[in-house]
Structure formats: C-alpha cells, structure tokens
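Residue numbers (our numbering), protein chains in the order written: chain L, 5 to 245; chain F, 5 to 245. Here the structure comes first, spelled out in structure tokens, and everything after it is commentary.
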DNA sequence: GTAATAGTGTCTATCAGACACTATGGT
DNA sequence: ACCATAGTGTCTGATAGACACTATTAC
C-alpha cells in the first residue's frame, strides 16, 4: 500500500485544473447557451471546436474557484451573472488528450435583456439555442456531458425554485416571469396556479409601475431578495411515482 | 489581458488536487461520520487533527474522480459504498497552507451493519457522532465546511429521496427503514404516511421472510433497484413558504 | 363597443398527516 | 389473556390544476 507523499515531496504529477461555465439566457421563446470557439492557432486540442467558456485556473489572480468562474463569465460577456451555482466536477485521465485533467463546472443565468458585449475575443463567442439535452454542434472535451448535466439541473430546479427569475430583467410582469418558466420547462403552466404560488412566497414585490400595452396594463414586480433563489414546497406538477 | 497558455507551455503552476469523502452511517439512533487522524510525523499541515478521509489524486491509479473516491473509501473502510455521490468542489489559495489547492468532495452512505475493518491504518480511523451541523472536534483544512455541506445535502435529499435505504442492511423491515429516515431527519414520521409513500413507489419489494420478535413478525423487504435512489414527488412535510 | 391581456374566484381531485383501528406472534 | 409491535382504514385539511369569470386599458 502506497503512503501519502511527504510534505517535503509534493512534486508528484498533478492534474491540469480548469473551470468551465455553462451560461444560459432566454431569447424569445428559446433557451440558449453561450459557447466559444477554440483557437485554431495555439496548437491546443479540439482546435476550432465549440466549447463552454472556461480555462485554466490562474493561481495568481483567482482567489478561489468561484472567483475564477466569475472571471470567465466577465471575460466572455462583460456582465455580472444574475446567478452562479456550482454544478460539479469532471476529472479523468482521458478527457483531455494532454493528460489527467479535472474541471470545476459552474452554471450561470443571465437576464434576457443583457446582451453580452462579447469581451476581448468577440468573434469567437456565440449563443446557441438549446435543443433537447444540448446543442446541435459537437463540443470539445466532455463539454456535451457537462452541458447535459447543467440542463438537467436547471430543468429540475425550475420545478421547485425561483431560478427563472434570474433569466428576466430586473423589473418584470408576472406574465413575463411565467414565460421564462415555460421556456425552460418546455411546457405551459396554469396562470392562476402560477400566480398563486409566486405571490404566496416572498419571492417578488410590486414596483409602483404599470406595463402599458394594447390591453389592461400589468403590474410590475422585482425580486424581494435578488441575492438568493426561493425554494417552493412542491414541484409544479407531480412527477415520478 | 493575459492569453491562455500555449499547448507547448503547460508548465505554469497548477493547484494541488485532492478528493475527500464524507462517509456516513447510522448506529443506534445516531448519525455518524468517519474521520481520520492526520499524521503527526510526515510534517504535513494540521498534524494530529481529524479530517475527512481523502488525499491527493494518483494519476497513475485513478481513472477518474469517482474511482479515486471509491479507492479512498475502500482504503479506509474495506467496504464498497452503498451510495456515493459527488458533493461539490472547494478550491482556494488559502485552504491549504502549502498553496493553491482544490478538493473534489464526495459523500457516501454505508449500511448500519457493515462495520468497517478499518483498513491499513486502523488506529487513525474513527466514527464520530454528528451533532447539529458537524462534529465536536475541530477539523483540518475547510473540512468542517465540507462536512456541513454534506449534512445539508443529505438532510435535504432525505426529504424527497430514498437515500436512507442505503443506511440500512440489504434486507430490512419498513420500520427499520423508517428509523433510518428519522435518524437523519431528526424528527419522527407518521407510520401510515411513510408506508404509503414507500410502497406506492417501486422502491422496495418484499422478501419471503419475516422478522420475528416479541410481537407480530414484520415483513422483510429489499431494494428493487439497489443501484439508484428513488425520488418522491413531494418532500415529507411542506417546508419553506 | 371590441379586442386583448391582466388578474381573481370557485370547484375538484389528490394526497399527506393524524389517528384509531385491526392483526399476529411471543410469553 | 395480555403485550408489543405490524400493518390498515378513514377522515380531514391543504393545495395544485382546471376553468370560467371579472377588470382595465387602447383603439
């Protein structure tokens, strides 16, 4: 049985360590995810392939994993995330052809209105519509698997949390919020049940504004506590069983 | 703006990478977690301090993160886990005094009967009762935080999954299963509601045995699908709101 | 008034919790 | 017969979904 290495001897090989972020937003009636095109010139693997934004941890600049994820997000979108959650980690001997590597994956939600200024390397960044469990292009590394996990987590949580509130502008009507839920879930919800649920929690609070239109104006709301999501007691419709 | 390193130049500093496992089981009416005492001789940090079992990834032996976690579990308990789930990852410049490090944390559930043979280094391994959000001893690194997160995840999931079935021997009565739920939750459940829920799902199937006692014998059950946990449509009692 | 969407009230099926009841073996 | 625990039946309160109804603005 092999002993743990001594403190004086920490020079055994270590995995490459990266952070990747699945960044979602809604446009119209579609959920979309931000992807970057990998360089064709630096000789790295999966050249020209689309991938989740991410990269190596910079131990000089990143105080911790979350800060690293926030930095990736900022560099690609120029925006602060409405919501950032750790998704999990993927590590194996084979996921990167250069050797044993592990990535810490996050997922982020951006409000619809906020169009990313597409940071430093604009041409390489693009929104892709989500179709089923992923996107139509082949992704680098195991990013298809990570994206599928992010989508599963997002869709699960939408059933019993207020996460879609982070996909909507700061001020919104209840109908707009309901549309965000429906876009992520891929199915319609009952207006009455939706409003009852949302208003029964302390999720939103009314703003003293009305949204005009060719009809009765809608009350405008904002999040009561923009920092943290709300958990509902039950999912939207009984599943499983 | 700093560029990603070229493929030819991957020699920039990388974080130390470890895997840690919070291993739970029940004994009597108490939930307990397995801890190891850190060596006082190898000059490593937190000497003599209790810690979650874990250590550096061995890129020669560990095919992936999960295998690494299974290896740690096997080395400390000599047992295969009934359940092993990834919990999350913790990484920062300061959590390990030796430098930037990241750990991939898992949590595992062991059946009550299975007493660990306490692997290679028996004297250093010990079960500690869980009290509130952790244990009574000070833990190394940020392991108190990781343990608290594991407990929170476990207690949350117990509300709407069959996880406690992995804390119970292969064959069990419904009352024994209910006790496992109650031990983790820290509160009593209604017998009738509990049985209805458990039997309504395909969680368990009867074994052709009875458990004798100074009373009416109880039917013995086993898991229908020992591989995967079952998710219930609702938590045990409405929370939140 | 009409169109269109905002917002509310009512009914019902479902189900968890409560609790009392019956069942069955050991002594 | 009695005890202790296994296991079941019934009632009730809460609530999500369904759906119809009212409200309010632009035109």
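All C-beta atoms, glycine included, are put in the ideal place defined by N, C-alpha and C. None of the values given here were measured: they were computed from a predicted structure.
Listed by position along chain L, the residues whose Cβ is nearer than 9 Å to that of residue 63 of chain F are 16, 17, 18, 19, 97, 103, 104. Contact of residue 238 of chain L with chain F by beta-carbon distance below 7 Å involves 238. Contact of residue 55 of chain F with chain L is not assigned, every C-beta pair being separated by 8 Å or more. Under the Cβ distance rule, residue 112 of chain F does not count among the residues neighbouring chain L, no pair being separated by less than 8 Å. In the structure shown, the three-state DSSP call for residue 185 of chain L is helix.
Not a single CB atom of chain F sits nearer than 8 Å to the CB of residue 214 of chain L. Think of a sphere of 8 Å around the beta carbon of residue 24 of chain L: no beta carbon from chain F falls inside it, the nearest being about 12 Å out. DSSP, read as helix, strand or coil, puts residue 150 of chain L in helix. The alpha-carbon of residue 114 of chain L is positioned some 10 Å away from that of residue 36 of chain L. When the alpha-carbon of residue 30 of chain F is set against those of F:149, F:183, F:157, the nearest one is in F:183.
For the pair residue 78 of chain L and residue 133 of chain L, the Cα-to-Cα distance works out to about 21 Å.
In this structure, F:42 is the residue among F:17, F:16, F:219, F:42 with its C-alpha nearest to the C-alpha of residue 130 of chain F.
Excluding the 5 residues flanking it on each side, residue 66 of chain L has same chain C-beta neighbours closer than 6 Å at 72, in chain order. Contacts between residue 69 of chain L and chain F, judged by CB atoms closer than 9 Å, involve 93, 94, 95, 96, 106 in chain order. Residue environment for residue 216 of chain L: exposed (fewer than 16 other C-beta atoms within 10 angstroms of its C-beta). When the alpha-carbon of residue 189 of chain L is set against those of L:17, L:161, L:195, the nearest one is in L:161. For residue 174 of chain L, no alpha helix (DSSP H) segment is defined, and its DSSP state is neither H nor E. Contact check between the region 52-69 of chain F and the region 159-178 of chain F: fewer than three CB pairs, one atom from each, fall below 8 Å, which does not count as touching. DSSP, read as helix, strand or coil, puts residue 113 of chain L in strand.
Of the candidates F:92, F:171, F:55, F:92 places its Cα closest to the Cα of residue 154 of chain F. By alpha-carbon distance to residue 173 of chain F, the top candidate from F:116, F:24, F:96, F:88 is F:116. The C-alpha of residue 228 of chain L is placed about 40 Å away from the C-alpha of residue 171 of chain F. With contacts defined as CB atoms closer than 8 Å, residue 178 of chain F and residue 192 of chain F fail to qualify as a contacting pair.
Counted as a single uninterrupted DSSP element, the alpha helix (DSSP H) harbouring residue 80 of chain F occupies residues 69-81. Listed along the chain, the chain L residues whose CB falls inside 8 Å of the CB of residue 90 of chain F are 92, 93.
Contact check for residue 89 of chain F against residue 60 of chain F fails: the beta carbons are separated by 8 Å or more.
Where residue 203 of chain F is concerned, the enclosing alpha helix (DSSP H) starts and stops at 195-204.
The C-beta distance from residue 234 of chain L to residue 225 of chain L rounds to 13 Å, too long to meet the 8 Å contact threshold. In the three-state scheme derived from DSSP, where H, G and I count as helix and E and B as strand, residue 163 of chain L is classed as coil. Cβ-Cβ distances below 6 Å link residue 148 of chain F to 138 in the same chain, with the five nearest sequence neighbours on each side left out; the list follows chain order.
Nearest C-alpha to residue 175 of chain F among F:207, F:157, F:186, F:152: F:207. With contacts defined as CB atoms closer than 8 Å, residue 23 of chain L and residue 48 of chain L fail to qualify as a contacting pair.
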